[in-house]
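A.B. asks: Take the working numbering: the final residue in the sequence shown is number 320, and no numbers are missing along the way. For reference, the structure I am asking about is given below.
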Amino acid sequence: MDKKLTFHKPLFEEAAKLAEIYALRNNKTCDSTVLDTYIWKDLYNTEIYIEDEAAIILMKDDKGYFAAMPYCREEKLPEYFGLLRNYFKEELHSPLRIDLADEDALKALNLLENKDFEIEEEFDLKDYLYDAEELRTLPGKKYQKKRNLINKFMKEYEGRWEYKTLCCVDEYFLEEFMKKWVEIRLSEGVDSKDTLIIEKNGVIEMLRNCDKVTFRIGGIFIDEMLEAFTIGSYNSREKMAVISIEKGNSAIPGIYQVINQQFLLNSYEDAELVNREDDMGIEGLRQAKESYNPVGYARKYRVCEKTV
């Protein structure tokens, strides 16, 4: 008898278990860690089905329901993919749609050769992958501009700046920073208000549950005021640091380069790979990510079941 998929809102008490499940197979995308699941759960109306060694993430946007590729051991992918496909058919009365499917899963399921599905690469959502040691040391001519900005920052703010590893007790600084960040972005008309508020609330809620979700935070303080911070998590299977949040005062030249380097030096000294997520199709963000010389990309795909 087929298993019945019953979904519920993600609980922070399940985060540790989800993290174990996410690491059961190779997956170099940022979705291989749970941080994004919790930060963006309200934006996508996220619900989960979880058992001992498998999890299925169901989401919804203005086009309807969609899912993530099932999280489980690779040899179990066909089973849970079939369960998900049947759930869409029997319960949602809709063809299956999966967003952000990773290449390893497509290959394991032979989906590229399956005529029942349309596979489309989501070009703007590919994650940028970097050599971790290069980002820590910034060697050679290709990183000269980065080193110059860092040196300028350190000279200008000598004796006034400090890198700190943050935790839950620093929630006040992070909340105040996020409030100012939202105000600035709204005044610039860069992002939608709903998205900014959801991100702010997601980060704050995660901070308040830091005893349940594993992540690390680093901040740059100037004159004892927080001017940049970043949040990341670690994929031990891939030895990969995933940088989910990085925000700084753009009026301070070099601050992004400093927080980028200092975070890896202080929090992920053993990482071999760094995933700095996607550029969302934003040209300025694309240029910034390319300037760090990625060694590859974690490409993602939309999987849509064809209708008869």
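We put the CB at the ideal spot given by N, CA and C, even for glycine.
Contact check, I267 vs E239 under 8 Å by CB: the rounded distance?
C.D. replies: Confirmed, about 6 Å.
A.B. asks: Starting from the C-beta of K147, find all residues in its chain whose C-beta is less than 8 Å away, skip the five residues before and the five after it, and write them out in chain order.
C.D. replies: Going by the sequence as given, residue 147 is Leu instead of Lys. The residues are N272, Q273, L276, V286 and Y304.
A.B. asks: Do A67 and Y280 count as a contact pair if the criterion is CB distance below 8 Å?
C.D. replies: No, the pair does not count as a contact, with Cβ atoms beyond the cut-off.
A.B. asks: Report the residue ranges of all beta strand (DSSP E) runs contained in full by the segment 205–243; include only those spanning at least 3 residues, in chain order.
C.D. replies: You should have 228–234.
A.B. asks: In the DSSP assignment, what residue or residues form a beta bridge with K72?
C.D. replies: The partner list for K72 (beta bridge, DSSP) reads Y77.
A.B. asks: In whole angstroms, what separates the C-alpha of M13 from that of E258?
C.D. replies: With a pLDDT of 44 at M13, under the threshold of 50, the modelled position of that residue is not reliable, and no figure is offered here.
A.B. asks: Taking the beta strand (DSSP E) that L89 belongs to, which residues open and close that run?
C.D. replies: Segment L89 to E102 is the alpha helix (DSSP H) holding L89; no beta strand (DSSP E) there.
A.B. asks: Look at the alpha carbon of M292 and the alpha carbon of I69, and state the distance between them as a whole number of angstroms.
C.D. replies: Spanning the two alpha carbons is a distance of roughly 21 Å.
A.B. asks: If you reduce the DSSP assignment to three classes, tell me which class L121 lands in.
C.D. replies: Coil.
A.B. asks: Since A113 sits in a beta bridge, which residues does DSSP pair it with?
C.D. replies: According to DSSP, A113 bridges with Y313.
A.B. asks: Per DSSP, E63 forms a beta bridge with which residues?
C.D. replies: Answer by DSSP bridge pairing, in chain order: A66.
A.B. asks: Since I believe F233 is in contact with V174 (beta carbons under 8 Å), could you give me their beta-carbon distance rounded to a whole number of angstroms?
C.D. replies: Looking at the sequence provided, one finds Glu at residue 174 rather than Val. Correct: roughly 5 Å between the Cβ atoms.
A.B. asks: Cα-Cα, which of E170, L55, S248 and A263 is closest to D282?
C.D. replies: Answer by Cα proximity: S248.
A.B. asks: Give the secondary structure of M252 by DSSP, where H, G and I count as helix, E and B as strand, and everything else as coil.
C.D. replies: Note: M252 maps to strand in three-state DSSP.
A.B. asks: Figure out for me which residue from C179, K205 and L55 has the closest Cα to the Cα of R220.
C.D. replies: Considering only alpha carbons, the answer is C179.
A.B. asks: Do V194 and L47 have their CB atoms nearer than 8 Å?
C.D. replies: Contact: no.
A.B. asks: In the DSSP assignment, find the alpha helix (DSSP H) that holds E302 and state where it starts and stops.
C.D. replies: Unbroken alpha helix (DSSP H) run through E302: E295 to E302.
A.B. asks: Who are the Cβ neighbours of G76 in its own chain at under 7 Å, not counting the five residues just before and after it?
C.D. replies: Excluding sequence neighbours, G76 sits near S106.
A.B. asks: What's the call for I33, buried or exposed, on a 16-neighbour Cβ count within 10 Å?
C.D. replies: Per the 10 Å Cβ criterion, buried.
A.B. asks: Sort R37, L17 and L23 by Cα distance to E250 and report the nearest one.
C.D. replies: Selected option, being the one with the closest Cα: R37.
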